[in-house]
Structures are given as C-alpha cells and as structure tokens.
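As structure tokens, the structure follows; a few thoughts come after it.
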Amino acid sequence: MGTGGASTAFAEDAPPQVNAGQDGNAIPQAPADAAIDVPAHPDGCPPDPGFRFYNVKSTFVGDPKKTVYGDPGTTLSVSVAEGHTWTGTFTYSAKLSESVLVAAAEESISGSISYAKTTTVTLGGSWVVPKNQREGWLALGSKGYSFNWERGSTNGGCKWIVSNHGTAKLPALSPYIAHS
C-alpha cells in the first residue's frame with residue numbers, strides 16, 4: 020500500500036453533532052422550562068394507582084340501627100329524626116385509614132360516595148310484609164355502592180403487588196326508606 024504513515028481515511032470524520040438528525044440538521048428541542056411533572060414509576064411502568072376497585076355494584080346501603088325485620092303479615096315501621104347519621108361498612112386485611120379509601124373510591128367510582136350520610140329532614144314509613152314473602156325488612160338507607168378493593172403498588176417488573184385488600188359498602192345519595 021503506501022510507504023507507511025498514518026491513514027487519513029477517517030481523519031475527516033467528526034464526532035456526531037448532538038441533537039442532530041441523520042441529515043446533520045438540528046432537531047428542534049423543547050425549551051428548558053417546558054419540563055412537565057408526570058408521575059412515573061422509576062422503571063417506566065404506569066403510575067401506581069394506589070387502589071384498584073372491582074365488582075362494583077349499585078346497591079342499597081342501609082343503617083343497621085334503623086332496620087327492622089318481620090314475618091309475613093307484620094307491619095314494619097321506621098322513623099328517623101333530622102340529623103341522624105350512619106356510615107358505610109369496610110373489611111380489610113391490614114389496618115387502613117378509611118378516609119383514604121373513601122377518597123380513592125370517590126375519585127374512581129362516583130363523586131357522590133361518602134363515608135357517612137346524615138338525614139336533613141325527619142323520615143318515616145311503614146310497610147306490611149307480604150304473605151308470600153318468608154321474611155321482610157324496612158330500613159333507612161341510601162343508594163350507594165358495594166365493591167372489592169385492593170391497595171398496592173407496581174414493582175420493578177411492572178407487576179401489581181397487593182399490600183391490603185377488602186370490601187366496602189358506602190352510601191352515595193340522599194337518605195330514604197326502603198323495604199325488601
């Protein structure tokens with residue numbers, strides 16, 4: 020080949036330009052102040068939801084202290100003064116701040132879900148258990164939701180790891196009297 024010396028075959032190659040396309044032209048960049056805080060898992064997984072809800076059903080959420088039962092033909096009566104409060108119910112596998120669960124359910128299921136409901140007027144009613152019904156009930160309550168829930172987080176492999184779980188039955192709408 021030649022008489023020796025340094026080859027110049029690659030001498031004119033310059034280091035690649037930063038933020039340049041294949042054609043060498045600059046790629047437009049967002050301004051430095053365009054940074055947006057987006058919650059993300061450090062490994063690129065979706066953000067941890069904190070809670071997951073499933074088997075969500077609309078249901079009557081009654082007050083156990085204002086529920087009466089009776090046999091066929093029995094007249095059942097319930098009366099409730101203004102200002103009476105009752106709560107939903109929870110089950111869980113480990114201690115939990117119920118207000119955190121209610122807030123997550125309110126955000127995910129219905130904005131009207133609450134931990135408790137209070138009557139704003141005096142309510143009352145009576146009802147006769149039909150003869151063809153084995154037993155009946157009459158109760159103060161509210162339309163609400165029953166559901167299963169899980170609390171957890173996403174691990175490094177983007178797998179949901181459950182740290183707590185249970186069920187809940189929470190009131191959502193104005194109180195009323197209902198029967199079986």
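Residue numbers for the sequence shown follow my numbering, beginning at 20 and rising by one.
Glycine residues also receive a C-beta, built at the ideal position from the N, C-alpha and C atoms.
Can you list, in chain order, the residues of its chain with a C-beta nearer than 6 Å to that of residue i? Leave out the 5 residues immediately preceding and following it.
| i | result |
| --- | --- |
| His-103 | Thr-138 |
| Val-140 | Glu-101 |
| Ser-98 | Gly-143 |
| Ser-129 | Ala-191 |
| Ser-127 | Phe-72 |
| Val-121 | Tyr-134 |
Please classify residue i as buried or exposed, where buried requires at least 16 neighbouring CB atoms within 10 angstroms.
| i | result |
| --- | --- |
| Val-57 | In this prediction, Val-57 scores a pLDDT of 44, lower than 50, which makes its location untrustworthy; no coordinate-derived value is stated. |
| Val-119 | exposed |
| Ser-133 | buried |
| Pro-91 | exposed |
| Ala-197 | buried |
| Gly-163 | buried |
| Pro-194 | buried |
| Gly-107 | buried |
Out of curiosity, what's the CA-to-CA distance linking residue i and residue j?
| i | j | result |
| --- | --- | --- |
| Phe-192 | Ser-145 | First, the amino acid is wrong: residue 192 is Leu here, not Phe. Going from the Cα of Leu-192 to the Cα of Ser-145 covers about 21 Å. |
| Thr-94 | Arg-153 | 14 Å |
| Ser-142 | Trp-179 | The question names Ser, but residue 142 is Leu in the sequence shown. Taking the straight line joining both Cα atoms gives about 45 Å. |
| Lys-76 | Ser-165 | 5 Å |
| Ala-100 | Ser-116 | 30 Å |
| Gly-81 | Thr-173 | 36 Å |
| Ser-131 | Glu-125 | 7 Å |
| Asn-167 | Tyr-73 | 5 Å |
| Gln-136 | Val-147 | Residue identity differs from the one stated: residue 136 is Lys in this sequence, not Gln. Spanning the two alpha carbons is a distance of roughly 26 Å. |
| Arg-170 | Gly-185 | 9 Å |
| Ala-187 | Asn-151 | 32 Å |
| Thr-78 | Val-181 | 26 Å |
Leaving out the 5 sequence neighbours to the left and right, which residues in its chain are closer than 7 Å to residue i when beta-carbon positions are compared?
| i | result |
| --- | --- |
| Ala-123 | Gly-69, Phe-70 |
Please go through the same chain and pick out, in chain order, the residues whose beta-carbon is closer than 8 Å to the beta-carbon of residue i, but skip the five residues on each side of it.
| i | result |
| --- | --- |
| Asn-183 | Tyr-111, Ser-112, Ala-113, Leu-115, Glu-169, Arg-170, Gly-171 |
Extract the residue ranges of the alpha helix (DSSP H) inside the region 118 to 191, only unbroken runs of 4 or more that lie entirely within it. Listed in chain order, there is nothing to give.
Examine the Cβ distances between the region 81 to 96 and the region 149 to 163 and report whether three or more of them are shorter than 8 Å. As far as the Cβ criterion goes, the region 81 to 96 touches the region 149 to 163, which means the pair count is three or higher.
Is it true that the region 61 to 70 meets the region 100 to 116, where meeting means three or more beta-carbon pairs spaced less than 8 Å apart? Counting C-beta pairs closer than 8 Å gives fewer than three between the region 61 to 70 and the region 100 to 116, which falls short of the contact rule.
What are the uninterrupted segments assigned as beta strand (DSSP E) that are 3 or more residues long and contained completely in the region 77 to 116, given in chain order? 94 to 99, 104 to 106, 108 to 111
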